[in-house]
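One structure below.
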Amino acid sequence: MSADLDSTHGTTKTAGSTVGPTSPEQDSAGTPDPAAIEAVRRELDALLPEGALITDHARLRTYECDGLAHYRVTPALVVLAATAEHVAATVTVCSEHRMPFVARGSGTGLSGGALPRADGVLVVMSQLRAIRQVSPADHRAVVEPGVINLDVTRAAAPFGYYYAPDPSSQQICSIGGNLAENSGGAHCLKYGFTAHHVTGVDLITPDGSQVQLGGLAPDAPGYDLLGTVIGSEGTLGIATSVTVRLTRSPEAVTTVLAGFPSTDDAGAATSAIIGAGVVPAAIEMMDALAIEAAEAAVHCNYPDGAGAVLVVELDGPAAEVEQEFAAVRRFCEENGAFEIRVAADDTERALIWKGRKSAFAAVGRISPDYIVQDGVIPRTALPEVLRAIAELSGSSGVRVANVFHAGDGNLHPLVLFDAAQPGQDEAAEEISGKILDLCISAGGSITGEHGVGVDKSAYMPRMFSAADLDTMQMVRCAFDPRHVSNPGKVFPTPRLCGEVPGRHQGEHPLAKAGVAEIF
Amino acid sequence: MAPVATDPMAGLSGTCADVRQGDAQDAVDGVGPAYVARPGSTEETGELLRAAAAYGLAVVARGAGTKLTWAAPPTRVDLVVDLSALSAVVDHAAGDLVVVAEAGCPLADLQAAVAPAGQRLAIDEPIAGSTLGGLIATNGSGPSRMLYLTLRELMIGTTVVRADGVVAHSGGRVVKNVAGYDLGKLMTGSFGTLALVTRAVFRLHPVPESTAVLMAPAADAGDAGRLAAAVIHSDVVPSAVEVDWPGGGGSVAILLEGSERGVAARAVAARGLLGAAVEVSAGMPGWWGRYPWRAGEIALKLTCALSGVPRLLATGRDSGAVLRGSAGAGVLYGALPAEAADRVVPLRELCTSLGGSLVVLDAPPEVKARLDLWGPVPALDLMRAVKDQFDPDHRLAPGRFVGGI
Chain S
70 MSADLDSTHG TTKTAGSTVG PTSPEQDSAG TPDPAAIEAV RRELDALLPE
120 GALITDHARL RTYECDGLAH YRVTPALVVL AATAEHVAAT VTVCSEHRMP
170 FVARGSGTGL SGGALPRADG VLVVMSQLRA IRQVSPADHR AVVEPGVINL
220 DVTRAAAPFG YYYAPDPSSQ QICSIGGNLA ENSGGAHCLK YGFTAHHVTG
270 VDLITPDGSQ VQLGGLAPDA PGYDLLGTVI GSEGTLGIAT SVTVRLTRSP
320 EAVTTVLAGF PSTDDAGAAT SAIIGAGVVP AAIEMMDALA IEAAEAAVHC
370 NYPDGAGAVL VVELDGPAAE VEQEFAAVRR FCEENGAFEI RVAADDTERA
420 LIWKGRKSAF AAVGRISPDY IVQDGVIPRT ALPEVLRAIA ELSGSSGVRV
470 ANVFHAGDGN LHPLVLFDAA QPGQDEAAEE ISGKILDLCI SAGGSITGEH
520 GVGVDKSAYM PRMFSAADLD TMQMVRCAFD PRHVSNPGKV FPTPRLCGEV
570 PGRHQGEHPL AKAGVAEIF
Chain L
1184 MAPVATDPMA GLSGTCADVR QGDAQDAVDG VGPAYVARPG STEETGELLR
1234 AAAAYGLAVV ARGAGTKLTW AAPPTRVDLV VDLSALSAVV DHAAGDLVVV
1284 AEAGCPLADL QAAVAPAGQR LAIDEPIAGS TLGGLIATNG SGPSRMLYLT
1334 LRELMIGTTV VRADGVVAHS GGRVVKNVAG YDLGKLMTGS FGTLALVTRA
1384 VFRLHPVPES TAVLMAPAAD AGDAGRLAAA VIHSDVVPSA VEVDWPGGGG
1434 SVAILLEGSE RGVAARAVAA RGLLGAAVEV SAGMPGWWGR YPWRAGEIAL
1484 KLTCALSGVP RLLATGRDSG AVLRGSAGAG VLYGALPAEA ADRVVPLREL
1534 CTSLGGSLVV LDAPPEVKAR LDLWGPVPAL DLMRAVKDQF DPDHRLAPGR
1584 FVGGI
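Chain order of the listed sequences is S and L.
Residue 70 is where the first sequence starts when you use our numbering, and the numbers rise one by one after that.
Residue 1184 is where the second sequence starts when you use our numbering, and the numbers rise one by one after that.
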């Protein structure tokens, strides 16, 4: 499998904050306070081993962005944590000084979730990379958060198991980052997201205390704080140990590549497959422009002249895969597929996936700059939303390549532009934002797997009401009343934890009903 | 805000058309409410709870009332919010395998509504008549959790009414969605102590073309463990691996789902794993997906790492407990005679040592009063902080949950 280095590409950006209906949190990067930073530096220097604390400006700058290089902030301090105790000590000091901290894994995130704060500490977790336990008998592994996603599968493979969530950056992204973002991947159509595959974490809460949420067994008594922490984008603390579910490696895997005249045909085939009750491990779609880019980059040899291709992967017991394959072939043919290929072996399978998995980076071959968008629509809205995207592209002259997880309606439109040409940057951002609006009006979501981060916090009010966001932030206030854990991410405006805005607004219902007077 | 005049009955009636005085039938685990209101919409529930907040009323939500004696009795109840009028299947988007339904909708009604499209909500119904809201509040699950997991994974969107009457949503109606915090998970299993869920969105699964159940007798716990493990660690991909352990032996049963030919081939493979005494049938045994306790017994939920199941079975039998549940998920249910309450602590210690926990779901009142229902709860301080945010006056199902929450 080729490295999918979409996240290391230097010119990617996503929706951008400039076109949001409301401005993002006024100061998501923070204004450094030299005296406070010096005080924290001194305390951390005393607590951490030599070399763990980075203060040198040139070295600090190497951490200025994550996979969304569009946003850059040099952190005030960087801690290279090697143990849970280092994390706890750092967080405790930050909390006492009310100084923001941001956890960072491999730095591959695509929403700026690990964007540092100029007034805060970046806690780099990548040295916490021990695989503590692999227990096939329990279907579990216990790993440190810096462990690379694919390394969990590598450790489990000798026993016939793997770790199911497979974000396309799985060769470099970390389990801790996956936890923060509730990462998905191509195969989450059948197997679900990180939230479905993590049963426990050791968490350093934003005040520096250590708690255990969940464990080897499911359904720990009490509130499901584990489920709440997963996908909270680092705003509820930092995990120092993660217990994950291992999945039995499938007996059989069949990977199909089908070429269609158009995305409408490929979409109809997708609907037919799902509608018939077949649940493939993955159904991925690419349109003509995305195919062109992939061919230029990795020579994946997709069917000539295809207006769209589908990559359908089926896995499970051999007897089931055989049945499902027959159905998939039939539905593809009935919906206009002019070429259907089946990977004969792992090498051919890898080649099919190479085209798909390299698609983000590959558009760099056909465009100097591009925005990677991440939105979700109900699968049945696919044809109309794709048409609307084509119209947006046609009327604006901004090219859009479409790559997506068709099975679950997760779109990754790639908006192409040339930053060197005046106005193209803004035009691309505008189209990218309008695509999110299309997703919302179709009943979908502004992010399926990349997260909100700093990039899309301004879009949250388009999807959620003020009361919705206020309620979510009650959780934030319970975990982090001092607002130090990755502040400025996810929510467009912070909630003041000491008060409950909106509680007593408007006319009282009793007064409204005429049964009581307020006096 | 100034206090509100007149008596609560009039005040509540101004927000909700269906309000009455509570009676003995409305008691929540022995605690009778003064009022019962039956709102007809989420908005009306919001108005009702705002009024309840103004009067400082303690509120307990009720669906079908099948599990009101679970957990601890509330320390007080002024108002029971009967959600049975919120019973609609609001929208079934068959092409998207998504359904939107109200909390008071019985699970069976939802299943009936989506069945014509060949779909189902992949959750079991251990107690007949349960509503969606009741299942969410208690995190109800059954055998199919091994493959499909539980409500918290199947619920993709949630509408709640907060203690202060504010209506809030999280999630949405697409399966893949990481925008914002997942409040649905927080609500699941919270026994109505954080907010009232009034509506939820679920992902659906196709009803399989074919199913097969294979059941094999097990002479002892070691035998049951070996049979279960053989299937769990094989390539047959069971939807469920259940064990029924009435004491002195029992049985292991597995469920296979898929295409007709696929299931047939997998059943052959599974037969080889389960041994000569295996019985194959198209339907489930009578005990399948039913809790093992009878009225008056102590009802337990026991969890452990998968490899711990055989030890739990062996110890359970020695303790006089009847055990049943998912050997494939490490979640068992148990029944102890009321006079055997002293066995709870050693069984809990075993569960904890095996990486899990033991919760007393239900018991006769005098037994319940003497027992620690939840056992040790890590992160209890954090849970209290969450409670304080959502329900600062502690009026939602007070006392029912962990640590007196």
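Beta carbons are placed, not taken as given, at the ideal position from N, Cα and C, and that holds for glycine.
These numbers were taken from a predicted model, which means no experiment stands behind them.
For residue j and residue i, believed in contact at Cβ under 8 angstroms, the rounded distance
| i | j | result |
| --- | --- | --- |
| A1143/L | P1547/L | Examination of residue 1143/L is not possible in this model, given that chain L is present from 1184 through 1588 alone. |
| V270/S | S310/S | 7 angstroms |
| L1457/L | A1399/L | 4 angstroms |
| G1325/L | P1309/L | 5 angstroms |
| P214/S | Y230/S | Actually they are not in contact, since the Cβ atoms of P214/S and Y230/S sit about 20 angstroms apart, beyond 8 angstroms. |
Beta strand (DSSP E) segment containing residue i, residue limits
| i | result |
| --- | --- |
| G1354/L | V1350 to G1354 |
| I1481/L | I1481 to T1486 |
| G1517/L | V1514 to L1519 |
| S204/S | I200 to S204 |
| G1508/L | V1505 to S1509 |
Spatial neighbours of residue i in its chain, beta-carbon cut-off 7 angstroms, leaving aside the 5 residues before and after
| i | result |
| --- | --- |
| F1573/L | R1345, A1346, L1377 and A1378 |
| P1575/L | none |
| V1550/L | I1481, A1521 and A1524 |
| R1553/L | A1524 |
| G1363/L | S1353 |
| S1442/L | E1392 and S1393 |
N- and C-terminal bounds of the alpha helix (DSSP H) containing residue i
| i | result |
| --- | --- |
| I421/S | D415 to K426 |
| D539/S | A535 to F548 |
| A1413/L | A1404 to I1415 |
| Y528/S | It is not in any alpha helix (DSSP H) - Y528/S carries neither H nor E in the DSSP assignment. |
| G1458/L | First-last for G1458/L: undefined, no H or E at that position. |
| T1498/L | V1492 to D1501 |
| G1316/L | L1315 to T1321 |
| S464/S | L451 to S465 |
| I1339/L | Element bounds for I1339/L: not the alpha helix (DSSP H) but the beta strand (DSSP E), M1338 to R1345. |
| L191/S | Here L191/S belongs to no alpha helix (DSSP H); instead the beta strand (DSSP E) covers V190 to V193. |
| I106/S | P103 to L116 |
| R128/S | H126 to R130 |
Neighbourhood of residue i by C-beta distance below 6 angstroms, restricted to the same chain and skipping five residues each side
| i | result |
| --- | --- |
| A366/S | S427, A431 and R434 |
| T143/S | L129, R130 and E133 |
| E320/S | P386 and A387 |
| A511/S | I446, A450 and V454 |
| C401/S | A327, A338 and I409 |
| L507/S | V454 and A457 |
Sequence-distant residues of its chain with Cβ nearer than 8 angstroms to residue i (five each side left out)
| i | result |
| --- | --- |
| N1322/L | T1333, L1334, R1335, T1371 and G1372 |
| A1452/L | S1417, D1418 and V1419 |
| A150/S | A121, V156, T159, V192, V193, M194, Q196 and L197 |
| D1403/L | G1432 and A1497 |
Item to check | Length at least 3, wholly inside the segment 266 to 311 of chain S: the beta strand (DSSP E) runs in chain order | outcome: 267 to 273 and 279 to 283
Next on the checklist: Which complete beta strand (DSSP E) runs does the segment 473 to 507 of chain S hold, if anything under 3 residues is left out?
Outcome noted: 479 to 486
Checklist entry - In the segment 208 to 269 of chain S, which residue ranges form an unbroken beta strand (DSSP E) of at least 3 residues, counting only runs that do not cross its ends? => result 209 to 212
Next on the checklist: Give the list of continuous beta strand (DSSP E) stretches no shorter than 3 residues that lie fully inside the segment 330 to 400 of chain S.
Outcome noted: 351 to 356 and 377 to 385
Next on the checklist: Can you pull out the residues from the segment 1557 to 1580 of chain L whose beta carbon lies closer than 9 angstroms to at least one beta carbon of chain S?
Outcome noted: W1557, G1558, P1559, V1560, P1561, A1562, L1563, D1564, L1565, M1566, R1567, A1568, V1569, K1570, D1571, Q1572, F1573 and P1575
Checklist entry - Which whole runs of the beta strand (DSSP E) in the segment 1199 to 1282 of chain L are 3 residues long or more, in chain order? => result 1202 to 1204, 1218 to 1220, 1242 to 1245, 1262 to 1265 and 1272 to 1276
Next on the checklist: At 3 residues or longer, what runs of the beta strand (DSSP E) sit wholly inside the segment 141 to 171 of chain S?
Outcome noted: 146 to 149
Item to check | Residues, ordered as in the chain, of the segment 1334 to 1361 of chain L that lie near chain S by beta-carbon distance below 8 angstroms | outcome: R1335, E1336, V1343, R1345, D1347, G1348, V1349, V1350, A1351, H1352, S1353, G1355, R1356, V1357, V1358, K1359, N1360 and V1361
Next on the checklist: Tell me which residues of the segment 1475 to 1504 of chain L have at least one Cβ-Cβ distance to chain S shorter than 7 angstroms, keeping chain order.
Outcome noted: T1486, C1487, A1488, L1489 and S1490
Checklist entry - Going along the chain, which residues of the segment 1359 to 1391 of chain L sit with their C-beta nearer than 9 angstroms to a C-beta in chain S? => result K1359, N1360, V1361, A1362, G1363, Y1364, D1365, L1366, G1367, K1368, L1369, M1370, T1371, G1372, S1373, T1376, L1377, A1378, H1388, P1389, V1390 and P1391
Checklist entry - Hey, which unbroken runs of the beta strand (DSSP E) at 3 residues or more fall wholly within the segment 1518 to 1563 of chain L? => result 1541 to 1545
Checklist entry - the segment 269 to 301 of chain S: which residues have C-beta closer than 7 angstroms to a C-beta of chain L, in chain order? => result T274, V280, Q281, L282, G284, L285, A286, P287, D288, A289, P290, G291, Y292, D293, L294, G296, T297, G300 and S301
Next on the checklist: At a CB distance below 9 angstroms, what residues from the segment 529 to 546 of chain S approach chain L? Give them in sequence order.
Outcome noted: M529, M532, F533, S534, A536, D537, L538, D539, T540, M541, Q542, M543, V544, R545 and C546
Checklist entry - Given a limit of 8 angstroms on CB to CB distance, which residues of the segment 441 to 456 of chain S reach chain L? => result V445, I446, P447, R448 and T449
Next on the checklist: Any C-beta of chain L within less than 9 angstroms: which residues of the segment 253 to 265 of chain S qualify?
Outcome noted: G253, C257, L258, G261, F262, A264 and H265
Checklist entry - What residue ranges within the segment 1423 to 1457 of chain L form continuous beta strand (DSSP E) runs of no fewer than 3 residues, ordered along the chain? => result 1423 to 1428 and 1433 to 1441
Item to check | Interface positions of the segment 1255 to 1289 of chain L facing chain S (Cβ-Cβ less than 9 angstroms), listed along the chain | outcome: A1276, A1277, G1278, D1279, L1280 and V1281
Checklist entry - Relative to chain S, which residues along the segment 1439 to 1456 of chain L have a C-beta separation below 7 angstroms, given in chain order? => result G1441, S1442, R1444, G1445, A1448 and R1449
Next on the checklist: Please identify, using Cβ separations under 9 angstroms, the residues of the segment 377 to 400 of chain S that lie next to chain L, in order along the chain.
Outcome noted: G385, P386, A387, A388, E389, V390, E391, Q392, E393 and A396
Item to check | Residues of the segment 1511 to 1540 of chain L with Cβ closer than 7 angstroms to any Cβ of chain S, in chain order | outcome: A1512, G1513, V1514, G1538, G1539 and S1540
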